[in-house]
Amino acid sequence: MESKDLGKNPVVQKLRDWDPQAVAEVIEFRGETTVVVPAQQLLRAAEYLATEPSLRFTFLSDLTIVDRFPIEPRFELNYQLLSLDRRERLRLQVRLAGAEPTIASVIPVWPTANWHERESFDLFGVRFHGHPDLTRILMPDEWEGHPLRKDYPVEGFR
Amino acid sequence: MTISSIETPAGPAQPMVLNMGPQHPSTHGVLRVILELDGETVLSAKSVIGYLHTGIEKSCESKTYSQCITLTDRIDYLAPLSNNLGFCLAAERLIGIEIPKRAQYIRVLLTELTRISSHLVWLGTHAIDLGAMSVFLYCFREREEIMKIYEYVSGQRMMTSYFRIGGLALEPPPGWLDRVQRVVDAMPGHIDEYETLLTENRIWIARTKGVGMLSAEDAIAMGVSGPLLRASGVAYDVRKMFPYSSYDEFEFNIQTDNGGDCYARYKVRVAEMRESLKIIRQAMDKIPSEGPFRAELPGVIPPSREEMKTSIEGLIYHFKIFTEGFAPPPGEVYQAIESPRGELGVFMASDGSPKPYRVKFRAPSFVNLQSLPNLCVGRLIADVVACIGTTDIVLGEVDR
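Chains as they are written, first to last, in our numbering: chain A, 1014 to 1171; chain B, 75 to 474.
Written out as structure tokens, the structure is:
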């Protein structure tokens, strides 16, 4: 069910109080909250969410990219956060344009992001600046193209 | 070659680089670890993966939701039913339906059996890596009994695809619970047997105690989940924290250990097998002998065989579901379950068409493997084998 009290989530409220600029949009679907964060604010917001004693989103479960080609901004980066203390999940979403998609790496906040970011780079071609070793992880090193992009055919280029 | 050409040049000694894998029996598949060694001591370890990458996530985008289920079996082939469950729950959340309790309990029972069989393979292969041959044979003997139950219920030993969106593929055959009962009755004795072979075995303790230490802070920072995290003293279990499939109606404990080493992980997994047996016994009492095994939602969940044969609407829905599929509303969901290896997350994005716009499997093995350098740097080569074994990776899941 779509929630009626959109954005009344206490975590979202905290994030808004901390910096109104950090929350661009709030999406509620099936009881899951997604906070859309401007790309420049991602690292700051991540640090705040992970270290603020009343939130403690210390566990990064997952990073998933959705390619909305040909809609711009094309890439949606979904950071799936978990607070073990509060038993709560939160999704951060960042939107990136298709031309040279680049975003700050969140490894300083969540070291586990290392392989997730490598996978995202490998399969979508999104670059993470500040990443210590941004190389392909699943595809061979000499592979051309980024297979999970929507303009990459399922059977590959022949 | 002249003698002068093989003379060691003056200056500091260089570390030796050793490729472990991709073909190495103790990497459990096609994992390659590049080890930098000083004598026998590991200076750095770098995992190279992707040898089994089959593009399952990309394939899902060109299939209907129901067709994707067969792919999920192949991700973690030691726990096919856990993958089925994760995918089906995500799709059900996307559609917004609740399935009948009977189907939920049967799902719980079968996924717990899966946990036991997966832990048995882990225990057997881990033990054989460390030189305990007989445990391997015993574990596979018991696993075979669980495989027979899979086969009896779903028709398949490994690639079961038994859970479907909205419930189960078929009504479980008569007498299946008797077979489960036999396994449940025999298992505690078998687990005792493994424990007499290993728990106080001096060689086993020497090979695992204090080896592959992982602190709770490091484990959380590296995103490690499942038995690995619980053996570092963090009581995080998706079944308890975010109950799904009626797990909140079952009584069981989260098994933790503060050791943080390979021995602690062994203890946690063995204890988990016993907890799973507890859950299975409760599920056997709860499962009603009759009742629907699938939810009813015309146009989304296939109608029963009888309805399909006797009513025109049923036939039309059946035809449409299996040709076009069904279209959930646009939106994104993340559904996590506790697979034998940890938090298995399924992220699913729908654009309102009958095919998923994006499916992502948050594979616990993939994330857990990332912590390998934390476990084995500074230890000996022989310990690397113990460390890889104890992370319990399935390469099909790591590479997807």
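From the three backbone atoms N, C-alpha and C, an ideal C-beta is built for every residue, glycine too.
Bear in mind the structure is a predicted one, so any value in this text is a computation, not a measurement.
Determine the direct distance from the alpha carbon of V209(B) to that of I202(B), and round the result to whole angstroms. Taking the second sequence and counting its residues from 1, the one referred to as residue 202(B) is at position 128. Taking the second sequence and counting its residues from 1, the one referred to as residue 209(B) is at position 135. The alpha-carbon atoms of I202(B) and V209(B) are separated by roughly 7 Å.
Can you pull the chain B residues whose beta carbon is under 7 Å from the beta carbon of E1065(A), in chain order?
Against the first sequence, residue 1065(A) aligns to sequence position 52. None at all; the shortest Cβ gap to chain B is about 16 Å.
* Asked: Which two residues bound the contiguous alpha helix (DSSP H) that contains H488(B)?
  -> Residue coverage of chain B in this structure runs from 75 to 474, which leaves residue 488(B) outside it and unanswerable.
8 Å contact criterion, which N158(B) and Y236(B) should meet: CB distance rounded: Locating residue 158(B) in the second sequence gives position 84, counting from the first residue. Locating residue 236(B) in the second sequence gives position 162, counting from the first residue. Between Y236(B) and N158(B) the Cβ distance is about 6 Å, and since that is below 8 Å, they are a contact.
Thinking D473(B) and L1151(A) are a contact (beta carbons under 8 Å), I'd like their distance in whole angstroms, please. Along the second sequence, one-based indexing puts residue 473(B) at 399. Along the first sequence, one-based indexing puts residue 1151(A) at 138. At roughly 6 Å, the Cβ-Cβ gap stays under 8 Å, so D473(B) and L1151(A) are in contact.
Distance CB(D490(B))-CB(I294(B)) smaller than 8 Å | Nothing about residue 490(B) can be reported from this structure: the residues present for chain B run from 75 to 474 only.
Original post:
So is L1161(A) in contact with chain B if we call contact Cβ pairs under 8 Å?
Top reply: For the purposes of this step, residue 1161(A) is taken as the residue at position 148 of the first sequence. With 8 Å as the cut-off, L1161(A) counts as an interface residue toward chain B.
E218(B) at chain A interface by Cβ criterion, 8 Å:
The residue given as residue 218(B) occupies position 144 in the second sequence. So, not an interface residue.
Around the C-beta of Q444(B), are 16 or more other C-beta atoms found within 10 angstroms, so that it is buried, or is it exposed? Here the question's residue 444(B) lines up with position 370 in the second sequence. Buried: at least 16 other Cβ atoms inside 10 Å.
Check your understanding: If you draw a straight line from the alpha carbon of L242(B) to that of R1102(A), how long is it in whole angstroms?
Key -> Here residue 242(B) is taken as the residue at index 168 of the second sequence, counted from 1. Here residue 1102(A) is taken as the residue at index 89 of the first sequence, counted from 1. Distance between the alpha carbons of L242(B) and R1102(A) is about 28 Å.
Worksheet item: So with Cβ pairs under 8 Å, would you call S289(B) a contact of chain A?
Response: Numbered from its first residue, the second sequence carries residue 289(B) at position 215. In terms of beta-carbon proximity, S289(B) stays away from the interface with chain A, with every pair separated by 8 Å or more.
**Prompt:** Can you tell me the Cα-Cα spacing of R189(B) and H264(B), whole angstroms?
**Reply:** Walking along the second sequence from the start, residue 189(B) turns up at place 115. Walking along the second sequence from the start, residue 264(B) turns up at place 190. Approximately 16 Å, taken between the alpha carbons.
ask   = Which value, in whole angstroms, describes the spacing of the CA atoms of M1014(A) and F161(B)?
value = By 1-based counting over the first sequence, the position of residue 1014(A) is 1. By 1-based counting over the second sequence, the position of residue 161(B) is 87. For M1014(A), the pLDDT reaches just 36, beneath the cut-off of 50, and the residue's location in the model is therefore unreliable, although a value from the coordinates is still provided. Approximately 20 Å between the Cα atoms of the pair.
In the DSSP output, what is S118(B) paired with across the bridge? Walking along the second sequence from the start, residue 118(B) turns up at place 44. Beta-bridge pairing links S118(B) to E110(B).
> At which residue ranges does the stretch 261-329 of chain B contain complete alpha helix (DSSP H) runs of 4 or more residues, listed in the order of the chain?
Replying inline: Taken in chain order, the complete alpha helix (DSSP H) segments of 4 or more residues contained in the stretch 261-329 of chain B are 276-282, 290-295, 301-304 and 312-315.
Just to confirm, is the Cβ distance from I455(B) to S100(B) under 8 Å? On the second sequence, residue 455(B) is found 381 positions in, with the first residue counted as 1. On the second sequence, residue 100(B) is found 26 positions in, with the first residue counted as 1. Not closer than 8 Å, so no.
Spell out whether any CB of chain A is found under 8 Å from the CB atom of M347(B). Reading the second sequence from its first residue, position 273 is the one you call residue 347(B). Contacts with chain A at 8 Å (Cβ-Cβ) do not include M347(B).
So, for I467(B): in the same chain, excluding its five sequence neighbours on each side, which residues have a beta-carbon less than 8 Å away from its beta-carbon? As a position in the second sequence, residue 467(B) is number 393, starting the count at 1. So the qualifying residues of the chain are H102, G103, L105, R415, S439, N442 and L443.
message: Taking 8 Å as the limit between beta carbons, can you name the residues of its chain near M261(B), skipping five residues before and five after?
response: To locate residue 261(B), count along the second sequence from 1; it is residue 187. So the list reads I190, E216, M347 and L351, once near-sequence residues are dropped.
What did DSSP end up calling I77(B) once you bin it into helix, strand or coil? Reading the second sequence from its first residue, position 3 is the one you call residue 77(B). For I77(B), the predicted structure reports a pLDDT of 41, less than 50, and the residue's modelled location is therefore unreliable. The matter cannot be settled from this model.
Could you check whether F421(B) and N1091(A) sit closer than 8 Å to each other, using their CB atoms as the reference points?
The count along the first sequence starts at 1 and reaches residue 1091(A) at position 78. The count along the second sequence starts at 1 and reaches residue 421(B) at position 347. Cβ distance < 8 Å, so N1091(A) and F421(B) count as in contact.
*Quick one: Cα of I1116(A) to Cα of A1126(A), how far?*
One-based indexing of the first sequence puts residue 1116(A) at position 103. One-based indexing of the first sequence puts residue 1126(A) at position 113. Computed Cα separation, rounded: 13 Å.
Would you mind working out which of S1118(A), D1154(A) and W1123(A) sits nearest V1139(A), comparing C-alpha positions? Stepping through the first sequence from its first residue, residue 1139(A) is reached at position 126. Looking at the Cα atoms, S1118(A) is the closest of the given residues.
Is E186(B) near the ligand NAD, judged by its Cβ being under 7 Å from some heavy atom?
Because no ligand of any kind appears in the structure shown, any question about the ligand NAD cannot be addressed here.
Residue from A206(B), I411(B), L389(B) and H193(B) whose Cα sits closest to the Cα of N275(B):
On the second sequence, residue 275(B) is found 201 positions in, with the first residue counted as 1. Checking every option, the nearest Cα to that of N275(B) belongs to A206(B).
Length of the line joining the Cα atoms of P402(B) and F1134(A): Numbered from its first residue, the second sequence carries residue 402(B) at position 328. Numbered from its first residue, the first sequence carries residue 1134(A) at position 121. If you take the alpha carbons of P402(B) and F1134(A), they lie about 29 Å apart.
Near I1078(A), what residues of its chain come up, given a Cβ to Cβ distance below 6 Å and the 5 sequence neighbours on each side ignored? Counting from 1 along the first sequence, the entry for residue 1078(A) is found at position 65. If the five residues before and after I1078(A) are omitted, its C-beta is found closer than 6 Å to the C-beta atoms of F1088, L1090, S1133 and F1137, all from its own chain and listed in chain order.
Return the first residue and the last residue of the alpha helix (DSSP H) that E135(B) is part of. Here residue 135(B) refers to the residue found at position 61 of the second sequence. Looking at the DSSP string, E135(B) is not in any alpha helix (DSSP H), and its letter there is neither H nor E.
**Request:** Return the first residue and the last residue of the alpha helix (DSSP H) that T464(B) is part of.
**Result:** By 1-based counting over the second sequence, the position of residue 464(B) is 390. Run containing T464(B): I455 to T465, per the alpha helix (DSSP H) assignment.
At least three beta-carbon pairs within less than 8 Å, the stretch 368-388 of chain B to the stretch 161-177 of chain B
yes
Requested in this report: Would you check if the stretch 173-185 of chain B and the stretch 318-327 of chain B touch, i.e. whether three or more CB-CB distances between them fall below 8 Å?
Outcome: With contact defined as three or more Cβ pairs closer than 8 Å, the stretch 318-327 of chain B and the stretch 173-185 of chain B are in contact.
Secondary structure of H1159(A), DSSP reduced to three states: Here residue 1159(A) refers to the residue found at position 146 of the first sequence. It is coil, neither helix nor strand.
Notebook entry, point to check: Is the stretch 1040-1049 of chain A touching the stretch 404-415 of chain B, taking contact as three or more C-beta pairs under 8 Å?
Noted result: yes
* Asked: Between N1091(A) and chain B, is there a C-beta pair that is closer than 8 Å?
  -> Taking the first sequence and counting its residues from 1, the one referred to as residue 1091(A) is at position 78. So, interface residue.
- L1151(A) lies in the beta strand (DSSP E); which residues open and close that run? Here residue 1151(A) is taken as the residue at index 138 of the first sequence, counted from 1. First-last for L1151(A): undefined, no H or E at that position.
Relative to the C-alpha of A46(B), which residue among A280(B), T282(B) and L302(B) is closest?
-> Residue 46(B) lies beyond the residue range present for chain B, which begins at 75 and ends at 474; the question has no answer from this structure.
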